[in-house]
Structures are given as structure tokens and as C-alpha cells.
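Here the structure comes first, spelled out in C-alpha cells, and everything after it is commentary.
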Amino acid sequence: MDIRIYAINLDRSVERWTSLSRRADDLGFGLVRVAGVDGVKTPPEERVDCDARAFERNNGRTMLPGEYGCYRSHLKALAEFYATGEAAGVIVEDDIELSTTLVARAVAIIEAIPDADVVKLCNHRVVGFRHVANSQEGDEIGRAAHGPQGSAACYVVTRKGAKRVLEGLKIMEYPWDVALERGWAYGAKVYTTRHDVAVPGRDSTTIATSSLYRAAKFPWWKRLRTYAIRIVEAVRRIGYARNG
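Here you go:
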């Protein structure tokens, strides 16, 4: 299986692309640049395919410009991959550290669990891991019973998986990393590796700062419905992990 890497990169992030592409060349990886959608340059009234009310209800805060851009960028990368007809591809954000074993491990993961739609290769946390399979490269594959796991900076996706994600996540109601994990909600087979196959670099994220996230939060009494939604989501996640 020949897997290429589709890297999301904003036009203003020239240094990131230079660094990433140079590293890919050194490793002999096929790297495709996907011009990211800059949410900062998209006024709220010009946003497409996003349900702002559902987002606020589900997350207890307003949608940040960087989150909108991130969501649209990942859908764009998946669409570009799907259009090639390739069997599988790796989607990365431009701050990921490309390792020498990334492509080989991604191939081995898909071979170990060929019915997968998406396998996350990078997370902030993996709690309550439930094992499903082992790859020939030594990676444990499964699902996490607790979440959100955070980060969608690197994942391997199959062709049928890309189609399923593009159809199921067309309308934005969650940040991308949360939405992608919710395979139970859009009928996808989403897995993760127990340990990261790739990790983000030290550069700060271009999505948002911690202070912006805090400022976007509603008062606690406006988040009561959000808390109830999260309880239901936690139960559904546990069931999804157990049925992996």
C-alpha cells in the first residue's frame, strides 16, 4: 500500500510548510499540501455548513474563528484525498513532527484493522483504552472509553472512511477533534492507537489560545444543558468503546 501524507497549511504559515516539506523530502515521504481555510479571515456571517446554535449548545461557548477554519480545512483535506481514489492516506496538521516510521506504521495499522474508517495517531490523552488489534509494527489499536481525547493533528483514513466522514460531518456542531471521535454519532468506525505515532511540535497552535477559549465560555448557568449533553455523550462513548 502506497500512502501519501496530506498536510494542512495556512498560507500565512510559510515557515511551518518549509520545515515540514524539508523533513518529508529527507524521509522520502509523499507530501501533498492542502491550503488551509483561515477562519480569522472568514466573518461569522460568511461561514458555511455550520450550526452555530448547536455548537453553542453542545460546547457551552461560542465558536472561535480558528475552530471554524480548522474544521473546514480537515474536510478540504479529506475531499482532496478522496478525489485521488487512493486506498488510504494520512492527514496531518503542519505542526506535526514527521517520524521515520510514520508511513510504515500507518500502513501496518490499516492492514491490522482493514474495516477501519479512521485511526487517530495522535491524542492529548487516552483513558480507558480497550484493545482491538495489534499491528505488525507493534502499535496497539482500539478505542478509549473516556474522552474527548483531544487533538486531530494526525490520523490515517481509508477511502470509504473519508466518504463517511465527509457525509457525516458536513455540518459543524463540534470542534473538529471532538467531531471526528464521535463515530457512534455518524456511523463511522473510528479507532486510536494506545500510544502516539506522531506528536505535534513545540510551535503554538494557530487555532486559538487558552485565554480565547476561556473568554468564549458561557456562565455556568448557561452551560447546564451542555453538561447534560456531555453525560449522554460519555455513556455513548463507553458503549462505542466496548463494542469495538
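For the sequence shown, position 67 matches number 67 in full-length UniProt numbering, and the numbering has no gaps at all. Think of the CB as a built atom: it goes at the ideal place given N, C-alpha and C, for glycine as much as any other residue.
Sort the options by Cα distance to residue i and report the nearest one.
i, options, result
"D117", "K163, A179 and S99", "K163"
"E37", "T18, Y240 and A7", "Here the sequence assigns Val to residue 37, which means Glu is not the residue at that position. Checking every option, the nearest Cα to that of V37 belongs to A7."
"D25", "R4, V34 and R12", "R4"
"D198", "D139, A87 and I113", "Note on identity: in this sequence residue 198 is Ala, with Asp being the wrong assignment. The shortest Cα separation from A198 among D139, A87 and I113 belongs to D139."
"D2", "E80, A79, E86 and A133", "E86"
"T209", "R61, R23 and G66", "G66"
Taking only the alpha-carbon atoms, compute the straight-line gap between residue i and residue j and give it to the nearest angstrom.
i, j, result
"A144", "N59", "20 Å"
"residue 251", "D196", "Lying outside 1 to 244, the shown extent of the chain, residue 251 is not represented and no answer is given."
"L224", "V119", "32 Å"
"R47", "I171", "11 Å"
"K41", "K160", "32 Å"
"H93", "F129", "His is not the amino acid found at residue 93; the sequence shown has Glu there. Near 24 Å, if we compare the C-alpha coordinates of F129 and E93."
"G168", "W184", "11 Å"
"L212", "Y68", "14 Å"
"D49", "E137", "39 Å"
"W176", "E45", "20 Å"
"residue 261", "D115", "Outside the displayed span of the chain (1 to 244) sits residue 261, for which this structure offers no information."
"W221", "R214", "15 Å"
"K76", "P43", "19 Å"
"W53", "D95", "As written in the sequence, residue 53 is Arg, which differs from the Trp given in the question. Their backbone Cα atoms lie some 31 Å apart in a straight line."
"A179", "S19", "29 Å"
"A152", "R125", "12 Å"
Assuming residue i and residue j are in contact, meaning their beta carbons sit under 8 Å apart, how far apart are those beta carbons, in whole angstroms?
i, j, result
"Q149", "T84", "That pair is no contact at about 28 Å."
"A154", "C122", "It should be pointed out that residue 154 corresponds to Cys in this sequence rather than to Ala. With 8 Å as the limit, C154 and C122 qualify as a contact, their Cβ atoms being about 4 Å apart."
"G142", "R105", "So it is not a contact: roughly 15 Å between Cβ atoms."
"residue 249", "V132", "An answer regarding residue 249 cannot be provided, because it is not within the stretch 1 to 244 covered by the chain."
"residue 251", "L166", "For residue 251 there is no data in the structure shown, the boundaries of the chain being 1 and 244."
Might you give, ordered along the chain, the residues of its own chain that have their beta carbon closer than 7 Å to the beta carbon of residue i, omitting 5 neighbours on each side?
i, result
"S21", "L31"
Where do the ends of the beta strand (DSSP E) carrying residue i lie?
i, result
"Y191", "V190 to T193"
"K41", "K41 -> no beta strand (DSSP E), and no H or E assigned at all."
"H146", "E140 to H146"
"V118", "V118 to K120"
Within the same chain, show all residues whose beta-carbon is closer than 8 Å to that of residue i, passing over the 5 residues directly before and after it, in chain order.
i, result
"R57", "R225, T226 and I229"
Check for me: the alpha helix (DSSP H) holding residue i runs from which residue to which?
i, result
"F55", "A52 to N59"
If I measure Cβ to Cβ from residue i and keep anything under 6 Å in the same chain, skipping five residues before and after, which residues do I get?
i, result
"F55", "M63 and E173"
"H146", "V127 and G128"
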